[in-house]
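Everything in the sequence shown is counted per numbering that gives the first Met the number 0, starting at 0 for the first residue and increasing by one.
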Amino acid sequence: MRLLLSLILLLPLSYDSLAAPTALRPQRKSRSFRVERVRRSDYVAHGPSALSKAHRKFGIAPTSFTGVDLSDFEPYEVAKSAVLTTKDSDDDQTGEVAAKSVQNNVEFISTVTIGGQNVPMDFDTGSADMWVLNSNMDPSYIQGHTVYHPDKSSTYKAVENSNFEISYGDSSWVKGTVCTDTVSIGGATITDQFIGLPSAVSQAFVSDTNSNGLVGLAFSSMNTFQPGPQKTFFDNIAPDLEEPVFTSLLRSGGIGEYEFGAIDQSKYTGTLVNVSVDPSNGYWQFDTKLFAVGSGPLQSVADTPTAIADTGTSLMLVSDQILNAYYGQVENARYSPSSGGYIYPCSADLPSLTVALGDKYQATIPGSMIKFAEVGTNTTTGGTVCYGGLQSSSGSSMMVFGDVFLKALFVVFDQRGPSLAFASPK
Ligand SMILES: *[C@@H]1O[C@H](CO)[C@@H](O)[C@H](O)[C@H]1NC(C)=O
Ligand SMILES: *[C@@H]1O[C@H](CO)[C@@H](O)[C@H](O)[C@H]1NC(C)=O
């Protein structure tokens, strides 16, 4: 699919610096590698659960899950057993009805090799711990999962007197001990990477059998390992890379890609725009002070003019000001307490959403990319009801720009600065 996305200059003054093309870079190191992200349509994260997952992760209290729901809305039952299990790579072509109804509910999984063992894991730019489900855990936690077997790795080393515990704000958590082992991603290898070995995880991680752990790609300062933070895989590998970057290209149609160490010019069109990152909270956080809905005027973001780029969150979570302005332009859109978010008739034409990237640039997310999932039937009209990919950051001090936003862009996570660079994907 060709994306109708444009990066528009707000200030013509900045054009000169932008026009400098991404020229050949000095070849200090020659390493770069890429990892495919595979879309998994057998993962049933219906909209509300994607939202509560995001809220859990950032410790945001949901706006409201109580109250009378709409009588004209009958939610689909999300039965995991009804959803087919498909092969990793070509599943976007499946015609199964059950898979279709949830086909926009995606997470992206990449294979990581730990001590020679391949484990599908989630890459997460919104956290900084690497942890993996493992064979030391009680079987009730790991049923249906592909786990890491420390006892079968000749390079595994326990780390004495070390443990970790991540608590995502409410009931969700992971805790256990810490080890080191050799980790390879796309052929690039770090020996003695610190890895959390949970002894227990909360239910959400048990039920998502497609992912067996996380590879945290936020800043190492956020790492929760005790007695002190350890470096992420990216921080460990960066000195060996041609450039200290990784890029994400999430294809809404199927397989996306992470690439470490190089900015592949064949993956984007136009110019990369460079936005400065504030790493003080540990996130890939940047200013976003303006927004516009459709062809409407740019307005100031009142409460939280800052956002993080988070590959580990499916949705785009914005302040209530933006949310209300956006769904105010969608006929018959409304907040559904039982869904915990905005729903609208799937037949609606969604407007685009424009957000500022730093002080000089803006990106426009086409309305078609803001549709997230079909979640039910309108009992009055018989039409399908959709759950929006744009939902509330519920008073959080930052907005969370997850896959709904990142899917629209080619993104460079750059240690230099640090900074993020954005362009239209090819
Ligand atoms: C169902 O359709 C009616 C009539 O168009 C509309 O007023 C109502 O908002 C719709 N409900 C939902 C949940 O979309
Ligand atoms: C972005 O800016 C930083 C510093 O301001 C620079 O070091 C880095 O190379 C730039 N990144 C890209 C992709 O141009």
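We treat Cβ as the ideally placed atom computed from N, Cα and C, and that holds for glycine. Fair warning: this is a prediction, and the values are worked out from it, not measured in the lab.
For residue i, which residues from the same chain have a beta carbon less than 7 Å from its beta carbon, with the 5 sequence-adjacent residues on both sides left out?
i	result
I307	G125, Y282, W283, Q284, M397, V399, F400
D319	S391
S299	K288, L289
A237	P243, Q414
T383	C345, E373, T376
Q328	V292, G293, P350
D309	T124, G125, V399, F400, G401
C178	P149, Y155, K156, A157, V158, I194, L196
V276	W283, Q284, F285, G416, P417, S418, L419
D358	D286
P304	D286, T287, K288
V111	V118, M120, V182, I184, V214
What residue does the beta strand (DSSP E) around residue i start on, and which one ends it?
i	result
A362	360 to 364
I165	156 to 166
A308	305 to 308
I342	340 to 344
Y140	No beta strand (DSSP E) contains Y140, which is instead part of the alpha helix (DSSP H) from 138 to 141.
M120	116 to 123
S265	Counting along the chain, S265 falls outside any beta strand (DSSP E), and DSSP gives it neither H nor E.
D286	284 to 286
F224	Looking at the DSSP string, F224 is not in any beta strand (DSSP E), and its letter there is neither H nor E.
A291	289 to 292
Any heavy atom of ligand 2 closer than 7 Å to the CB of residue i?
i	result
R333	no
S357	The sequence given here has Gly at residue 357, not Ser. It does not: the Cβ of G357 is nowhere closer than 7 Å to a heavy atom of ligand 2.
D413	yes
G366	no
A422	no
L271	yes
Y262	According to the sequence shown, residue 262 is Ile rather than Tyr. Checking the Cβ of I262 against ligand 2 gives yes.
Could you check if residue i belongs to the surroundings of ligand 1, using beta carbon to heavy atom distance under 7 Å?
i	result
T379	yes
V384	yes
P138	no
P344	yes
Can you name the residues that DSSP bridges to residue i?
i	result
K174	E164, A199
M129	V214
F232	According to DSSP, F232 bridges with nothing at all.
L316	Q390, V399
D277	Q284
S134	According to DSSP, which records beta bridges pairwise, S134 is partnered with nothing at all.
K370	G387
D180	Q192
A187	I184
T426	Outside the displayed span of the chain (0 to 425) sits residue 426, for which this structure offers no information.
T110	P119
V272	F421
S299	L289
Considering residue i, what are the terminal residues of the alpha helix (DSSP H) in which it resides?
i	result
V410	Counting along the chain, V410 falls outside any alpha helix (DSSP H), though it belongs to the beta strand (DSSP E) covering 409 to 413.
F421	Not the alpha helix (DSSP H): F421 falls in the beta strand (DSSP E), residues 418 to 424.
Y334	Premise fails: Y334 lies in the beta strand (DSSP E), 333 to 335, not in any alpha helix (DSSP H).
A355	Note, A355: premise wrong, no alpha helix (DSSP H); beta strand (DSSP E) at 352 to 356.
A324	319 to 326
V403	402 to 405
Once the 5 residues before and after residue i are set aside, which same chain residues still bring their CB inside 8 Å of it?
i	result
T154	G114, G115, D180, T181, T190
I364	L4, M315, S351, L352, T353, V354, V403, F404, A407
I262	T21, E242, V244, T246, L271, V411, A420
P278	F218, S220, Q284, P417
Tell me which residues share the same chain as residue i and place their Cβ nearer than 6 Å to its Cβ, disregarding the 5 neighbours each side in the sequence.
i	result
L322	S391
F409	L248, K266, Y267, A422, P424
A301	Q320
D137	none
G212	M120, W130, V131, L132
May I ask you to check if the CB of residue i is nearer than 7 Å to at least one heavy atom of ligand 4?
i	result
G416	Absence of ligand 4 from the depicted structure is noted, with ligand 1 and ligand 2 being the only ligands included.
Mind checking if residue i is an interface residue toward chain C, Cβ cutoff 8 Å exclusive?
i	result
N280	The displayed structure is made up of one protein chain only, and chain C is not part of it.
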